[in-house]
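Here the protein sequences line up with chains A, B, C and D, keeping their order. Each residue of the first sequence is one higher than the one before, starting from 2 at the first, in our numbering. Each residue of the second sequence is one higher than the one before, starting from 586 at the first, in our numbering. Each residue of the third sequence is one higher than the one before, starting from 17 at the first, in our numbering. Each residue of the fourth sequence is one higher than the one before, starting from 111 at the first, in our numbering. The beta carbon of each residue, even a glycine, is placed where N, CA and C say it ideally should be. Here is the structure we will look at, set down as structure tokens.
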Amino acid sequence: MWAFLHKLGSPKGFYAISGRWLPALWGVAVALILVGGVWGLVFAPADYQQGNSFRIIYVHVPAAFLAQSIFVAMAVAGLVFMVWKIKLADMAAAMMAPLGAGMTFVALFSGAVWGVPTWGTWWQWDARLTSMLILLFLYIGVIALRGAFVSRDGGARAASLLAMVGVINIPIIKFSVEWWYTLHQPASFSITEKPAMPAEMWLPLLSMVLGFYAFFLAVTLTRTRSEILRRESSKRWVRALVEERR
Amino acid sequence: MSLRLQARRLACERDDRWLFHDLDLEIRAGEILRVEGPNGSGKTTLLKILAGQPMEHAGEVLWNGTPLRRSRSDFLANLLYLGHAPGVKAALTPLENLAWYQALAGEPGDEASRLGALERIGLAGFEDLPAAQLSAGQQRRVALARLELTPRLLWVLDEPFTAIDRQGVAALEARLEAHAERGGGVLVTTHHELRASSGLRRLTLGEGGGGVER
Amino acid sequence: MAFDSLSAFLSMGGHAPYVWSAYGATAALLLGVGWHARAERRRVRRDLARRMRRERRQAEAADASTDEGPTR
Amino acid sequence: MSSDEPAGGLSLAWRATLRRDLVLRLRRPGEVLNPLAFFALVITLFPLGLSPSASLLATIAPGLLWVAALLAALLSLDGMFRDDAEDGSLEQLLLSPQPLPALAMAKVAAHWLLTGLPLALMAPLLGVMLSLPAGSYGVLALSLALGSASLSLIGAIGAALTVGVPRGGVLLSLLVLPLYIPVLIFGVGAVQAAAQGDGVAAHLAILGALLAAGLTLAPFAIAAALRIGLNG
Numbered sequence: 002m003w004a005f006l007h008k009l010g011s012p013k014g015f016y017a018i019s020g021r022w023l024p025a026l027w028g029v030a031v032a033l034i035l036v037g038g039v040w041g042l043v044f045a046p047a048d049y050q051q052g053n054s055f056r057i058i059y060v061h062v063p064a065a066f067l068a069q070s071i072f073v074a075m076a077v078a079g080l081v082f083m084v085w086k087i088k089l090a091d092m093a094a095a096m097m098a099p100l101g102a103g104m105t106f107v108a109l110f111s112g113a114v115w116g117v118p119t120w121g122t123w124w125q126w127d128a129r130l131t132s133m134l135i136l137l138f139l140y141i142g143v144i145a146l147r148g149a150f151v152s153r154d155g156g157a158r159a160a161s162l163l164a165m166v167g168v169i170n171i172p173i174i175k176f177s178v179e180w181w182y183t184l185h186q187p188a189s190f191s192i193t194e195k196p197a198m199p200a201e202m203w204l205p206l207l208s209m210v211l212g213f214y215a216f217f218l219a220v221t222l223t224r225t226r227s228e229i230l231r232r233e234s235s236k237r238w239v240r241a242l243v244e245e246r247r
Numbered sequence: 586m587s588l589r590l591q592a593r594r595l596a597c598e599r600d601d602r603w604l605f606h607d608l609d610l611e612i613r614a615g616e617i618l619r620v621e622g623p624n625g626s627g628k629t630t631l632l633k634i635l636a637g638q639p640m641e642h643a644g645e646v647l648w649n650g651t652p653l654r655r656s657r658s659d660f661l662a663n664l665l666y667l668g669h670a671p672g673v674k675a676a677l678t679p680l681e682n683l684a685w686y687q688a689l690a691g692e693p694g695d696e697a698s699r700l701g702a703l704e705r706i707g708l709a710g711f712e713d714l715p716a717a718q719l720s721a722g723q724q725r726r727v728a729l730a731r732l733e734l735t736p737r738l739l740w741v742l743d744e745p746f747t748a749i750d751r752q753g754v755a756a757l758e759a760r761l762e763a764h765a766e767r768g769g770g771v772l773v774t775t776h777h778e779l780r781a782s783s784g785l786r787r788l789t790l791g792e793g794g795g796g797v798e799r
Numbered sequence: 017m018a019f020d021s022l023s024a025f026l027s028m029g030g031h032a033p034y035v036w037s038a039y040g041a042t043a044a045l046l047l048g049v050g051w052h053a054r055a056e057r058r059r060v061r062r063d064l065a066r067r068m069r070r071e072r073r074q075a076e077a078a079d080a081s082t083d084e085g086p087t088r
Numbered sequence: 111m112s113s114d115e116p117a118g119g120l121s122l123a124w125r126a127t128l129r130r131d132l133v134l135r136l137r138r139p140g141e142v143l144n145p146l147a148f149f150a151l152v153i154t155l156f157p158l159g160l161s162p163s164a165s166l167l168a169t170i171a172p173g174l175l176w177v178a179a180l181l182a183a184l185l186s187l188d189g190m191f192r193d194d195a196e197d198g199s200l201e202q203l204l205l206s207p208q209p210l211p212a213l214a215m216a217k218v219a220a221h222w223l224l225t226g227l228p229l230a231l232m233a234p235l236l237g238v239m240l241s242l243p244a245g246s247y248g249v250l251a252l253s254l255a256l257g258s259a260s261l262s263l264i265g266a267i268g269a270a271l272t273v274g275v276p277r278g279g280v281l282l283s284l285l286v287l288p289l290y291i292p293v294l295i296f297g298v299g300a301v302q303a304a305a306q307g308d309g310v311a312a313h314l315a316i317l318g319a320l321l322a323a324g325l326t327l328a329p330f331a332i333a334a335a336l337r338i339g340l341n342g
């Protein structure tokens, strides 16, 4: 077990092991997203209250889940990088940040679009959407801070610390925004808080959520592998690898 | 009081470029170690690592046989580091600057000792002027007055001769030698040729590549 | 099957612009990110191979070892 | 050359650092007065941009005062560590035998004493100009005093991270403003509650809790950020 983890922590070992998992992971991601998407769009029943606009849930919720999970993953990777000096963790954190920002944007966009048929407006200062907007700013901050450093190692450590500070603050921000929202819009209809859904409604949602997570893993692994080749380009094993593939 | 600073297999990598690696060195009481090398060879970085600053590096620094991270407070209490920038606040007078440095080390200090240190370094009459009104060389002297004021075993000095006039250079050189003779240790980078003395040793960093000294 | 016909499916009960734009944005992100990850991988490998070819030529020409790192 | 610091070493260093930072700011009075002038100026813009109607201004006054004070406090944040980094004294602070989190707190305290506190004291005056309902002036000053201490703490993390970034001012705002939101929400909430005659204890308690959390966690984050920011 420890030997395996140790191997996984070194770029070379990680490159070899992740290479074995990747094709299957991509396959699972694509399959789950296709199944969930078609099921949600075509077969799941329309909501009795919202009609077909309810189907936006199948992209909004997975994107929102990922938006938050990726930030947490980034902070955990940052912690691993800072405490154990594992550069691989930082490579992964750097590679997942733009995807997290993209997911946050999609969650915001789909939420706003969903607002038109439900609330009759493109933007509502709803607690969830507002928190999501703040999360987007946090992502932009982490990405911008990393880019602002001349030294890559310095940028890596700064971004790691900021991600950790951010992750401690996210629950506080969510709590305060929810408190603020109930103060100003008492008991309004919130889009994603549904009473018990029938199975044919939530099963496709589950498929989409799992598919999004698999997609996130697959993209992060693929990009981290590229980053390994970039950063370790003078190492002998990378050279040998490129030779052999020619 | 013992003085032994060792570095074992020290390596520093900056964005995939080795500034230096497999570097071993040792400073003992009575020694002046001059680190030389072209710009960008990692002199400042080496000094910062050896002064316990938070720079990423591989290898180990030992203070009196104990790794630095475990002997840090004892090490810092015996260290006087003067960096590239003199660390002198332009809006404060030389006296106020020195008072802060004394307090920072946990020493109450007294005005008479600060005045004495400033006089010996050649700043008599400038004690109460804001440092902004002093020349670059005089500001450097304010920082160097800390050598007089705070008795520390190990001096780590990054280009201490910058902007100092000829008399000042000679006096500072004599001060370094005297410190070594009294059982202190000096680690210094300089482009100025130090005159030969019994304790003087040199360490040359190689051609590390085209990086810019930070 | 929640729809009777293809046109009913496409119109989404009058909510077509909202549903399809939300799905479109998501699909664009997923496809864009997936494509970018693959393209990046190809580009990195190609650049690396090119750099190694260039270095080998230089090494042959200069017949000097390009050992990295300073010595002391 | 004793290796054991005297017991009073830290408190001596702490007080000296606080005094030094206060003296430095007071020697350049502009640094203290400019945020106050900025605060007053921004508040002046709102009646001009919206309407001079006292009833409208009174309803939005808590939010306006808080947002303007928050932005004014942000102005002076960039210089908190940058000046020291440029002249080399920050390097010396990091090499002091005293614990860095404690010394960083001295600098934060100096920043709050000459930025957050004056803003809090000045806010009631501007509240009059916005027809803030009577009875909420004390809460306005108190909430700003409490809240701005949290802002100084959070802001110091950002200022330390960007200390090595040239022209990092805009980046600093980008990093710090999202983290300011909880303080803003509860600070405004307190003033609004006071203006409506409701109890403010809960709001002030949450502001106090945020400050307590900041006081326990931020010093270590600031110290880590300084180590990262200074040596890139």
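- Around the Cβ of A:G148, a 10 Å sphere holds fewer than 16 other Cβ atoms; the residue is exposed.
- In the pairwise beta carbon analysis, the segment 249-264 of chain D is classified as not touching the segment 135-147 of chain A: fewer than three pairs are separated by under 8 Å.
- Residue-level contact by beta carbon fails for D:E141 and chain B, as no gap is shorter than 8 Å.
- Look at A:A64: its C-beta is under 8 Å from a C-beta on chain C.
- For B:V620, the three-state secondary structure derived from DSSP is strand.
- Contact between B:I617 and B:G753 fails: their C-beta atoms lie close to 18 Å from each other, not under 8 Å.
- Identification of residues in the segment 197-224 of chain A having a C-beta nearer than 7 Å to some C-beta of chain C yields F216, V220, T223, R224, given in sequence order.
- Across the structure, A:W180 and D:A315 are spaced so that their CA atoms are roughly 14 Å apart.
- Per DSSP, the continuous beta strand (DSSP E) segment holding B:T774 begins and ends at 770-774.
- Rounded to the nearest angstrom, the Cβ distance from A:M209 to A:Y59 is 5 Å, consistent with a contact under 8 Å.
- Rounded to the nearest whole angstrom, the C-alpha separation of D:A168 and B:L729 is 59 Å.
- Residue environment: D:G274 is assigned as buried (16 or more neighbouring CB atoms within 10 Å of its CB, all protein chains considered).
- For A:D154, the chain B residues whose Cβ falls inside 9 Å of its Cβ are E598, R599, D600, E641, in order along the chain.
- In the structure shown, B:W603 falls within a strand segment according to DSSP collapsed to helix, strand and coil.
- For a Cβ distance threshold of 7 Å, nothing in chain B lies close to D:R192: the least Cβ distance comes to about 13 Å.
- Nearest in C-alpha terms to B:A721, of all of B:A765, B:F746, B:V773, is B:F746.
- Residue pairing from DSSP places B:T651 in a beta bridge opposite B:W648.
- By the neighbour-count definition (other C-beta atoms within 10 Å, threshold 16), A:A215 is a buried residue.
- Taking all protein chains in view, the Cβ of B:W740 is crowded by 16 or more other Cβ atoms within 10 Å, so the residue is classified as buried.
- Between B:A716 and B:K674, the CB-CB gap stays under 8 Å.
- Straight across, the Cα-Cα distance linking D:L210 with D:A219 is about 14 Å.
- With a 10 Å radius around the Cβ and a threshold of 16 neighbouring Cβ atoms, C:R69 comes out exposed.
- Along the segment 155-189 of chain A, there is no position whose C-beta sits under 7 Å from a C-beta of chain B.
- Here the alpha carbons of D:H313 and D:G299 stand approximately 7 Å from one another.
- For A:I87, the CB contacts under 8 Å within the same chain, skipping 5 residues up- and downstream, are G10, V81 in chain order.
- Checking the DSSP bridge columns, you'll see B:A596 partnered with B:A643.
- For B:V741, the enclosing beta strand (DSSP E) has its first and last residue at 739-743.
- In the structure shown, A:E233 adopts coil according to DSSP, grouped into three states.
- B:G627 carries a coil assignment under DSSP once its states are collapsed to helix, strand and coil.
- D:L158: member of the alpha helix (DSSP H) spanning 139-159, first to last residue.
- In its chain, beyond the 5 residues on either side, A78, T221, T225 have a beta carbon closer than 7 Å to the beta carbon of A:A93.
- Within the same chain, and ignoring the five residues on either side of D:L240 in sequence, the residues whose Cβ sits closer than 6 Å to its Cβ are L167, A171.
- By the Cβ neighbour-count rule, D:P292 is buried, with 16 or more other Cβ atoms within 10 Å of its own.
- Chain-order list of chain B residues neighbouring A:S235: D601, by C-beta distance under 8 Å.
- Looking at the backbone, the Cα of D:S121 and that of D:P207 are separated by about 12 Å.
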